[in-house]
Each structure stands twice: as structure tokens, then as C-alpha cells.
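K.L.:
Here you go, one structure.
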Amino acid sequence: MSFWWICPALVTLCTLFNTQALRIYPPNEVTLLDSMSALGDLGWVAYPLEGWEEISVMDERNTPMRTYQVCNVLEVNQNNWLRTSFIPRGGAQRIYIEIKFTLRDCNSLPGLSGTCKETFNMYYYESNNTNLWFIKENYYHKIDTIAADESFTQVDVGDRVMKLNTEVRDISNLSKKGFYLAFQDVGACIALVSVRVFYKKCSMTIRNLAQFPDTVTGGDSALVEVKGSCVNNSVEFEIPKMYCSADGGWLVPIGRCACKPGYEEKKDSCHSCRPGYYKALLTDTYCAKCPPHSFSIQNSSAECTCEKGFHRAESDPKSMPCTKPPSAPDNPITTVNETSVIMDWSPPKDRGGRSDIMYNIHCRRCQSETQKCSACGSGIHYIPRQFGLSQPRVLVTDLLPYTNYTFDIEALNGVSDLSTYPKQFISVNVTTSQVVNVILKERRSKDSVTLAFQGPEKSNDIVVEYEVIYYEKNQKEQNYTVLKTRSNFMTVEGLKPGTTYVFRVRAHTVGGQGIYGGEIELETSTEDIIAIVDPNQITILAISVAGGIVLLIFLVTCFFVSGRHCGYIKAKQDPDEDKMHFQHGRVKLPGSRTYIHPHTYEDPNQAVRDFAKEIDASSIRIERVIGAGEFGEVCSGRLKLPSKREIYVAIKSLKAGYTEKQRRDFLGEASIMGQFDHPNIIRLEGVVTKCKPVMIITEFMENGSLDSFLKKHDGQFTVIQLLGMLRGIASGMKYLSDMNYVHRDLAARNILVNSNLVCKVSDFGLSRVLEDDPEAAYTTRGGKIPIRWTAPEAIAYRKFTSASDVWSYGIVMWEINSYGERPYWEMSNQDVIKAIDEGYRLPPPMDCPVVLHQLMLDCWQKCRSDRPKFGQIVNILDKFIRAPSSLIELANSSEWQDPSIPDSYPVTTLEQWLEALKMSHYLEHFTMAGYVTLDSVMYLNSSELGRIGITITGHQKKILSSVQNVQALGTQLQI
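In C-alpha cells form, the structure reads like this:
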């Protein structure tokens, strides 16, 4: 029996709460039972019947609510049970029970302290039976004894401040279909406002493009491992897994999915790439714009198709631009040495967008008479190899003597085999030297031998000189001698009587050094005799002394005639001329021939007639003006002499209204040039003096002056190619030095370059106009001097020698390695003189090998006797060419500083920076590409410079060098 007079407010207590708010539950909780949501009777079973009582009340929104109450506190030994209906567990192993209740404070009920309780018990029974009517008490498993945090009194009810208690308990490791809950009252005054039974889950989510489904939490706080499934258009990159925790939260994501090629990730899903974009790899997150020279026209493209003429190699990543085969190699330089040839060339101007350039060499042997060519075969050797060369240089050996070869130098890259277009190559024609091995005549005495020999029979090349090597038989390694002459006669003196000597001869032509002929053994006699040697068989014939004298006179006569024909004029032939003795590897330099100064002639016109060939003006066809000289115009044209092929020539003409002195000075240059015959000296073809205008005809040099040529091709040559230029100039200057000719104005502007990059010394005028710039020359009592190129003793004392030419050669070396920069930059002449006197020397140009700068410094020794001779310079450069590894170490130009120039000056704008680098013409390139401030250029690289249109390698290096210096120093841009 219930005593509601004890707690009359129980039936209306639910009006104190906002029950609507209580019905909003977390999304990761799945409710199995909620007594507050029941629309009718709950239908729970109470035992005994007078115990728990179901009461229907209205909440503040007039919604009916079902609650259970019990308050049998007047009677002792209460045991009132309330059991719920069957609750399916929904696959959950762990169930949570949330109860909301009120409980009366026993102290507020006087006289009931022995029977009144303030707790009740909660039980559960697990079963597969969904319709049990009665369950024995001992079947239940106790969950917990529930006590109120706060109880109420009669006063509380009156004041309507009664508190609602909420308790949550859980049961784990459920395994059957469901369970029942039971509440046991043992003598308390209770109102069970609501019972909610629920379990927790990890809600469906997407992580790393993997979808994880709703997952019920495990029992006993165990983590549940869940494998995710990849979203549409994605695949497993690494098995995606996560763990569902007991409180319904996802933990520890492992692995991931990735969008398929052609799709990109956007908001936990994969979307197709639109046309013009692609995605090639799973590891790529987003679609990228098609690389240069490729396109895509469909959605979901995994790669872009190359444009016509462009290709992508199999090993190329899909992100790489489509590329094409390279153009032909450029600027070939050949150095022929007997039956071998060194070929150097520049990389292709158009690399096709790739860096994997290789070279193949194809060889053809051609017959000069029929011009028929055939493959060279396997007899020749290539060092390092014939195919797949990574460097633009090769040495070809074991060629046949005096044979025409054509070498096709082919450039390839990684897509050359994919192209249907012909491969690009440049052809180089090479003629090897002829063997000189026939001694025609000899004259022997006790201590001398006179030899006569002929040059290569089939060669059209000009013989520069003959070289004879001889030594005592069986003594070659200990002591041998080399003789040089431009005549085909030679007298070898100072020999031992009755001694056998071995002689060999070779010719040095414009095409290079020839091969030594076969050995011929000759024995000096104890008496003067004459022997005649047949080309096929050597026969010694004793002749009378009178006959010997006649033959000797004949030989000597021929000797002098031959010498005059070669351009030498001497009253007496020096028997020791051009003789070099090699003793234990040490060299004794030969004597030198002397050129004849035109001013030594009483009649200067006679010098012209002696040294220059008169040409009929009708043989010359002038085509175009290419420049202006001191005395008139300089033109290019063609020269066609009888019985000779037509050739290109340069034509200097004497302007009208000249004085006799101007005519004499004009032709004086021809009188000097006519005495020189060397492949690195500009060749005089002849003069026109018998009609007007007076003209000087020289060979035509297609690439013009060296300084302009270098500036035009800044940074485009290899170190070996630059060495080839330096070697040619040094060889020409050695020849002039041996002739006792002092140039006085050796500079890059006075070096001419032909189509094969052969450099030739020019400008032999007696009167010089140095430059339009008045600062270029320094006027002294003796005339004008090119200060920046001139040795200190020549400036101070006008002491011009071969040693002062060596100083000038060092400046030319600096010009070549700096690609035509102005020596000493903007320093005045007086500052240059002062700086040199104080010991300052030009710093190494950018990327200049250490050994080359050291050679420059040797040329700039203050004491002229300490400077190397031109012959030594040639030998040094030959060693560098034969051993390129010596050129690897580069000089550090930052170690040098001109004391007369401020350390640096800051620039604040992009325009000032480019102007300081002398590259103002690139301002538009930078601004069009979005580089408008100095900060924006701090992270430039060579590929970016190429993209904005700066393709010249030297210009790229200069710009990047300025930027890299700033990055290293961490300061603002300074020049």
C-alpha cells in the first residue's frame, strides 16, 4: 500500500524538468530503450503488485510521461522488484544504463529510521528468450547498488527545488540476443523518472580517402580494429586501418588510400582532372597542368600527349616536358698530329630541352680524286670511345697517312631514337699528313752531311717547315738532335768522322705535323766523298773531287733559291739555324730568322715587289663592305686566279686623295705580311698597285675579330676550345718571335677568327689607330701605346721586345677566358699604370682554371726575363690539351680585389642591378615574367632563366654568380 501523503509531490515532480532537452543524445550513442519516449504503458513487470507503481504524468509541453514509483517505507523487510521488457542488445557487447530518479531523505520522515532506506539495487538477466514471464531472483546478476547524490524533503517539494539524480552504469561481455533489467527496492521512497539503455559506436567517417563504417565499441574497454574501404576512384596505397575506442572515438589512423591516376583529392573524395591537366602517380595529390609541349583533351588524364615532333622517353617521368632531339653540335675544332686528330666541339645550341646529350662519331674515308667515300672500318681507334660520348671531345688514332677523312659528329639525347626526323650532325673534313721518307741526295764528308728531300707528293697543303731528327746509331735515348728548315736542303755539321748516324724526316704543313719517314743510316767517312742515294735503293758512288765540287755548288745554289722562294732573305745561311739539341730531355733552342723591315729599303716600292705578289684587279670581285680601316674601306669579295679555284678574300682599299706617305704606310703592312707564312698568321694573297684604288688582298676570316666574336658567343665554348684558340695565337706569336718580329699591339681586337675557329694574328700596320676611345691609348713622346695591353717597361721606356708581346699575350688570355671583357674594366689609364706598378694583376675570370690564370700571372712578371717564351707557352698549352684533368680546378675570383675600385656598391632596384651587370637589355624579360623587385630574383636558377628567355650560358652564369654571392653573404645585392 502506498502512502502518498508522505510525499504528495512525487506525482508531479516531472513538471520541474525540461524533458525535451533530455531527449537530445550524442551521435555516437545508439539507444536501445528510452522510457521517456514511450507513447503508452511501458508494460514492465512489478512484483509484488503493491510495490512499484506505473504513473502517467504530463511534462511542461503536455506530453505524457510514464514513470515508476515506490514508497513503502512504513513496512519492514521490503523486497519490491520492477523488471523491464526484453531489450535486444543490437550486437553490442557493452551496454550502458542511464537512470534518472528522485529519492526522499529518511531523516525527513520522523519515526521511520528503522525501516526507511535511501538506496535501491539494479540487476540484469541475459537471455535468448524474448518473452519470459517470470525470472527467479537468483538468476539476476547485480549491476550495482544505487544511492542518490541528493535527496529531497517535504519542504523541498513545497518550494519546488527538488533535485533529479542521474546515474550511469554499464555491463560488458554480453553474448546473447538480449537482456532484462530489474530494479529492487528494499524500503526507499523512490520515483524512477526515466531509464535509457544504449551502447556506443564509432560513427562512420572518412580518413585519408578511406571510409570507415559505423562500428560498435568492444567490451571491457578493448579497441576494435577496423579496416577502411577506399572511396570511389581511389586505391589502397597502404592498408587503411583505425581503432574504435570504448568511448566511441576513432584512434590511431594507419595507412591510406590514394586517388587513381587522373584523379585528385578534394574534401575526402577523388575528382577527375579537367582537360589540360593530368595526374600521373598515386603519390601526387593534385592534378597538374600539362608540361610544356604536351596536352590533354579529356577528363581523368593520367598523362599528357606530346605535341608533334616532341617525345617523352620511357624513363622520363610523366611530369617532364616533352622534348625533341638536339640540333647538330657546333663550332668544331680539329688538331691534326701526324695520323691522329683531336676533335673538340661545342654542345648543340638547341639541346631539345634535355641535358642527357651524347655524341656518336661516324667516319668516312674519301678519295680526293673521285670524291667517293666509304666507311673507315675497324682499323682506327677512338679515345675514349666512338659512340655514347658524354664530353664534346675525342681523339682518333691510327689513321692512314695523307688521307681525306670526313667525321660526322652526331648529337643525340634520350628521345633521338623516338624521332622520325633525321639525326643532326656536323661534318668535319680532316686530311692526315703525308710521310716524308725519301732522301734524294746526300753529300758526306768527315764531319758533315748535306741532305736533300722532297715534300708529300699528293699534298696540296703548304709546307711550313721540314724537321730532321738524327742521332748516333744505338744512342737514340741518350742524345738526339732535331733540325728544322723551310728549305728542302739541309747541311748537318759537327758530326764525328767514321760514325754511323740515323736520319728521319717529316714535313709540317698547314694541316699539321706529318709522320717521320723510314730510318736511313749514313756513315761519315775519313775522306770527303759524295754519295747519291736512289729513292728505291741506296747506292754509294765514289766520284772525283772535281765532280764533288760541281755537285756541291749545285746543291748550295738550289738551297739559296729555295730559301728565297720561301720568303727568307739572308746573305749567308747559318749552318746551325733552327737546330735543337735534346740531351737527357733538356732542350737547347735554335737560332731564329729575321724579317726585313720595309723602312730599310731605299725604295719602299721594292719591298712590296719583293714580298707581295701583284694581282690583276680583274681577278677580284668586291661583294660587300664589312668595315673601315685607317686608310679606307674593308670589303669582302672573291679572288679567282688563273688555274686556281676561286676563294673568299678580304680587301683593304686605299681611299682617294691619299698622300705618298699614306700609300707607303698602307703598303708597308703588305710588305710585312708577305714575309710571314704560318697557319696562325693572317695570309697575304697579294696587292693591287698598278691601278686605283690600291688594294691589299688577304684571306677572308668569316668570324671577324676575336673580341667581338667572343662577346657574341659568351659562355658557349668549352675550356678545350678556348685552349685551342690560345694555342693557335701562341703558335703564331712564336713564329713571329723566331723571326725577331715584335708585334707591339697584340690584343683580341687584332686577332681574326675563321669559320673553323682558327685564330690568326693580324694588324701589322706601321701606323696604328688603336681604338675610337681616346682612353684606350696613352700618348708618349714616341707615339701612342695601348696601356691596358702593354708591359710596364714598354710604357715607361718604350722598350718593346718579344717579352713585352708575352705580357700582351697574357692580357689576350684574360680576354678570351672572360669572353671579351674590357681589361681593368672602367679604370682610367693612369689608375692602370699605378695599380700595375704597385703589384696589382687582373683576377681570374669566372670559371677560369687555376693553371691558366697562373700562366697569365707568369706572363705578367714585372721582370721581363722572368716571363716565359712563346715556345714555352705553346708547350704548356699542349700539355693542358693532352691532360684536360689539369683544368678541373677553377680559380676563385673572390680572392682578388682591385685596390683602386670600391669593394662594392649597393643597388636598390632591379633596373640598377641589371645595369651594373651590363645586362639592361634583359629588363623586359624579367618584368614580363613577373620579376619586378630585387627580392624576387634571389632564388633564380638556370632553368628559370631559360624559361624567361635568357639562354646564353655565359649570361646565365653571370646573373647566377651575382645572386649566389648574395645568398652566401646573406646581404643585399651588391656589385
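Numbers -21 to -1, 1 to 954, taken from mature numbering (1 follows the signal peptide of the UniProt record, and there is no 0), label the letters of the sequence shown in order. Note that beta-carbon positions come from the ideal geometry of N, C-alpha and C, so glycine has one too.
Check whether the Cβ atoms of Ser398 and Gly288 sit closer than 9 Å, and answer yes or no.
P.N.:
Sequence index remark: in the sequence shown, residue 398 carries index 419 (1-based). Sequence index remark: in the sequence shown, residue 288 carries index 309 (1-based). In this structure, Gly288 lies closer than 9 Å to Ser398 by Cβ.
K.L.:
Roughly how many whole angstroms lie between the Cα atoms of Pro514 and Leu866?
P.N.:
Here residue 514 is taken as the residue at index 535 of the sequence shown, counted from 1. Here residue 866 is taken as the residue at index 887 of the sequence shown, counted from 1. Bear in mind that a pLDDT of 38 at Pro514, under 50, signals an unreliable position, so the model cannot answer this.
K.L.:
Can you list the alpha helix (DSSP H) stretches of 4 or more residues lying completely in the region 827 to 866, in chain order?
P.N.:
Correct list: 829 to 838, 849 to 861.
K.L.:
Where in the region 14 to 74 do unbroken runs of the beta strand (DSSP E), each at least 3 residues long, occur, reported from the N-terminal end onward?
P.N.:
Entirely contained in the region 14 to 74, the beta strand (DSSP E) runs reaching 3 residues are, in chain order, 24 to 26, 32 to 37, 43 to 49, 59 to 62.
K.L.:
Have a look at Leu731, Met221, Gln840, Pro27 and flag the residue whose alpha-carbon is nearest the alpha-carbon of Ala189.
P.N.:
As a working note, residue 189 is residue 210 in the sequence shown. Taking only the C-alpha atoms, the option nearest Ala189 is Met221.
K.L.:
Going straight from the alpha carbon of Phe655 to that of Gly683, what length do you get?
P.N.:
Sequence index remark: in the sequence shown, residue 655 carries index 676 (1-based). Sequence index remark: in the sequence shown, residue 683 carries index 704 (1-based). The alpha-carbon atoms of Phe655 and Gly683 are separated by roughly 20 Å.
K.L.:
Determine the DSSP secondary structure at residue 955, reduced to helix, strand or coil.
P.N.:
Summary: the structure shown does not reach residue 955, with the chain confined to residues -21 through 954, and so no result is reported for it.
K.L.:
Would you kindly check if the distance between the Cβ of Arg723 and the Cβ of Phe779 is under 9 Å?
P.N.:
Here residue 779 is taken as the residue at index 800 of the sequence shown, counted from 1. Here residue 723 is taken as the residue at index 744 of the sequence shown, counted from 1. Contact: yes.
K.L.:
Give the single residue among Glu890, Gly909, Leu913, Leu896 whose Cα lies nearest to the Cα of Leu902.
P.N.:
Counting from one through the sequence shown, the residue named residue 902 turns up at place 923. Per the Cα distances, Glu890.
K.L.:
For the alpha helix (DSSP H) containing Tyr788, name the first residue and the last one.
P.N.:
To locate residue 788, count along the sequence shown from 1; it is residue 809. Tyr788 -> alpha helix (DSSP H) spans 781 to 796.
K.L.:
Less than 9 Å separating the beta-carbons of Lys690 and Met825?
P.N.:
In the sequence shown, counting from the first residue as 1, residue 690 sits at position 711. In the sequence shown, counting from the first residue as 1, residue 825 sits at position 846. Not a contact, by the Cβ cut-off of 9 Å.
K.L.:
What would DSSP say about Arg485, mapped onto helix, strand or coil?
P.N.:
Against the sequence shown, residue 485 aligns to sequence position 506. Three-state DSSP puts Arg485 in a strand.
K.L.:
Note the first and the last residue of the continuous beta strand (DSSP E) segment covering Thr376.
P.N.:
What you label residue 376 is simply residue 397 of the sequence shown in a count that begins at 1. Counting along the chain, the beta strand (DSSP E) containing Thr376 begins and ends at 372 to 376.
K.L.:
If you drop the 5 nearest sequence neighbours on each side, which residues of the same chain put their C-beta closer than 7 Å to that of Glu444?
P.N.:
The residue given as residue 444 occupies position 465 in the sequence shown. Excluding sequence neighbours, Glu444 sits near Lys463, Thr464, Arg465, His487.
K.L.:
With a Cβ-Cβ cutoff of 9 Å, do Gln277 and Pro254 count as a contact?
P.N.:
Counted from its first residue, the sequence shown places residue 277 at position 298. Counted from its first residue, the sequence shown places residue 254 at position 275. Their beta carbons are under 9 Å apart, which means Gln277 touches Pro254 by this criterion.
K.L.:
Pick helix, strand or coil for Lys936, following the three-state DSSP scheme.
P.N.:
Here residue 936 corresponds to residue number 957 of the sequence shown, with the count starting at 1. Three-state result, Lys936: helix.
K.L.:
Near Phe191, what residues of its chain come up, given a Cβ to Cβ distance below 6 Å and the 5 sequence neighbours on each side ignored?
P.N.:
By one-based count along the sequence shown, residue 191 stands at place 212. Correct list, in chain order: Thr184, Val205, Gly207, Met221.
K.L.:
What's the gap between the Cα of Asn316 and the Cα of Thr478?
P.N.:
For this step, residue 316 is matched to residue 337 along the sequence shown. For this step, residue 478 is matched to residue 499 along the sequence shown. Asn316 and Thr478: Cα-Cα distance of roughly 33 Å.
K.L.:
Give every residue of the same chain whose Cβ lies closer than 7 Å to the Cβ of Lys328, excluding the five residues on either side of it in the sequence, and list them in chain order.
P.N.:
The residue labelled residue 328 in the question sits at position 349 within the sequence shown. Taken in chain order, the residues that qualify are Ser306, Asp309.
K.L.:
Would Gly70 be called buried (16 or more neighbouring beta carbons within 10 Å of its own) or exposed?
P.N.:
Locating residue 70 in the sequence shown gives position 91, counting from the first residue. Looking at its Cβ environment, which holds fewer than 16 other Cβ atoms inside 10 Å, Gly70 is exposed.
K.L.:
Can you tell which of Thr264, Thr314, Gly331 has its C-alpha closest to the C-alpha of Ala292?
P.N.:
For the purposes of this step, residue 292 is identified with residue 313 of the sequence shown, where counting begins at 1. When only C-alpha atoms are compared, the closest one is Gly331.
K.L.:
Please report the straight-line C-alpha distance between Glu894 and Pro371, rounded to a whole angstrom.
P.N.:
The residue given as residue 894 occupies position 915 in the sequence shown. The residue given as residue 371 occupies position 392 in the sequence shown. When rounded, the distance between both Cα atoms is 34 Å.
K.L.:
Can you tell me the Cα-Cα spacing of Ile774 and Trp768, whole angstroms?
P.N.:
By 1-based counting over the sequence shown, the position of residue 774 is 795. By 1-based counting over the sequence shown, the position of residue 768 is 789. The straight-line gap from Cα to Cα measures roughly 10 Å.
K.L.:
Let's test the definition: count the other Cβ atoms within 10 Å of the Cβ of Gly707 and tell me whether it reaches 16, buried, or not, exposed.
P.N.:
Translated into positions along the sequence shown, residue 707 becomes position 728. Gly707 comes out buried.
K.L.:
Would you list the residues sitting across from Cys181 in a DSSP beta bridge?
P.N.:
Counted from its first residue, the sequence shown places residue 181 at position 202. In the DSSP output, where bridge partners are listed per residue, Cys181 has Thr194.
K.L.:
So, Phe274 versus Thr10, is the Cβ gap smaller than 9 Å?
P.N.:
In the sequence shown, residue 274 corresponds to position 295, counting from 1. In the sequence shown, residue 10 corresponds to position 31, counting from 1. The answer is no: Cβ separation not under 9 Å.
K.L.:
Quick one: grab the DSSP three-state call for Pro311.
P.N.:
Taking the sequence shown and counting its residues from 1, one reaches residue 311 at position 332. The answer is strand: DSSP assigns Pro311 an E or B state.
K.L.:
What is the C-beta distance between Asn211 and Cys249, in whole angstroms, given that I count them as a contact (C-beta under 8 Å)?
P.N.:
Numbered from 1 along the sequence shown, position 232 holds the residue referred to as residue 211. Numbered from 1 along the sequence shown, position 270 holds the residue referred to as residue 249. Contact flag correct, Cβ pair sits at about 6 Å.
K.L.:
From what residue to what residue does the beta strand (DSSP E) around Trp112 run?
P.N.:
Here residue 112 is taken as the residue at index 133 of the sequence shown, counted from 1. Premise fails: Trp112 is in no beta strand (DSSP E) and is neither H nor E.
K.L.:
Would you check if the region 12 to 20 and the region 32 to 51 touch, i.e. whether three or more CB-CB distances between them fall below 8 Å?
P.N.:
Yes: the two stretches touch, three or more of their Cβ pairs being nearer than 8 Å.
K.L.:
Using DSSP with H/G/I as helix, E/B as strand and the rest coil, what is Pro765?
P.N.:
By 1-based counting over the sequence shown, the position of residue 765 is 786. The answer is strand: DSSP assigns Pro765 an E or B state.
K.L.:
State the DSSP-derived secondary structure class of Pro753, mapped to helix, strand or coil.
P.N.:
Translated into the one-based positions of the sequence shown, residue 753 becomes position 774. The pLDDT assigned to Pro753 is 40, lower than 50, so where the model puts this residue is not dependable; a value taken from the coordinates is nonetheless given after this. Helix at Pro753.
K.L.:
Counting Cβ pairs, one atom from each stretch, are 3 or more of them under 8 Å apart for the region 799 to 813 and the region 848 to 858?
P.N.:
The region 799 to 813 is not in contact with the region 848 to 858.
K.L.:
Please name the residue, chosen from Thr470, Val587, Asp164, Phe482, that lies closest to Gly30 on a Cα-to-Cα basis.
P.N.:
Along the sequence shown, read from residue 1 onward, the residue named residue 30 stands at position 51. It is Asp164 whose Cα lies nearest to the Cα of Gly30.
K.L.:
Rounded to whole angstroms, what is the Cα-Cα separation between Thr759 and Ile730?
P.N.:
Mapped onto the sequence shown, residue 759 falls at position 780. Mapped onto the sequence shown, residue 730 falls at position 751. Its pLDDT being 42, under 50, Thr759 is placed unreliably in this model, and the value from its coordinates should be taken loosely. For Thr759 and Ile730, the distance between alpha carbons rounds to 25 Å.
K.L.:
Distance check for Asn920 and Ser940, CA to CA, integer angstroms please.
P.N.:
Taking the sequence shown and counting its residues from 1, the one referred to as residue 940 is at position 961. Taking the sequence shown and counting its residues from 1, the one referred to as residue 920 is at position 941. Their Cα atoms are separated by approximately 10 Å.
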